[in-house]
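All residue numbers for the sequence shown refer to this note's numbering, where the first residue is 77 and numbers rise by one. From the three backbone atoms N, C-alpha and C, an ideal C-beta is built for every residue, glycine too. These numbers come from a predicted model, not from an experiment. Structure, as structure tokens:
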Amino acid sequence: MFALLASTLLAAYLITGTSARDDLNYNDPAYAPPPSVGHEIGIMFGFVGAMLLSMVLYTLAWQVGNKRSAQREATRVQELRKAGYLESKGQRGGWEEKDEGMETRE
77 MFALLASTLL AAYLITGTSA RDDLNYNDPA YAPPPSVGHE IGIMFGFVGA
127 MLLSMVLYTL AWQVGNKRSA QREATRVQEL RKAGYLESKG QRGGWEEKDE
177 GMETRE
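See the structure below:
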């Protein structure tokens, strides 16, 4: 059985005249050689640079948003003071002022 299989494979090899090594044809237009290492490193550094740039832009946008939010909050507090809802900077109202007469268990 083994002899039959070996002779069949040998015959197929001799008829075709090729081996697995010879299957790559470098002149074939479907073959595309891999890019160079320098090209790959360039892509990597380009991506890292793009990410750093996007981080800087996002940080700037975040800071602008925080400044606008703080300005709106200051305006809102000022309007609440004008309307009489807040009387001084330290006054907060709520339960902190009303717990003077509460009993405590010991």
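Can you give me the Cβ contacts of residue i inside the same chain, cut-off strictly under 8 angstroms, excluding the 5 residues immediately before and after it?
i, result
"leucine 156", "Leu162"
"arginine 152", "none"
Cutting at 6 angstroms between CB atoms, please list the residues of its own chain near residue i, excluding the five before and the five after it.
i, result
"glycine 122", "none"
CB-CB under 7 angstroms to residue i, same chain, minus the five flanking residues each way: which ones, in chain order?
i, result
"proline 111", "none"
Report the start-end ranges of each alpha helix (DSSP H) in the segment 124 to 156 that is 4 residues or longer and not cut off at the edges. none
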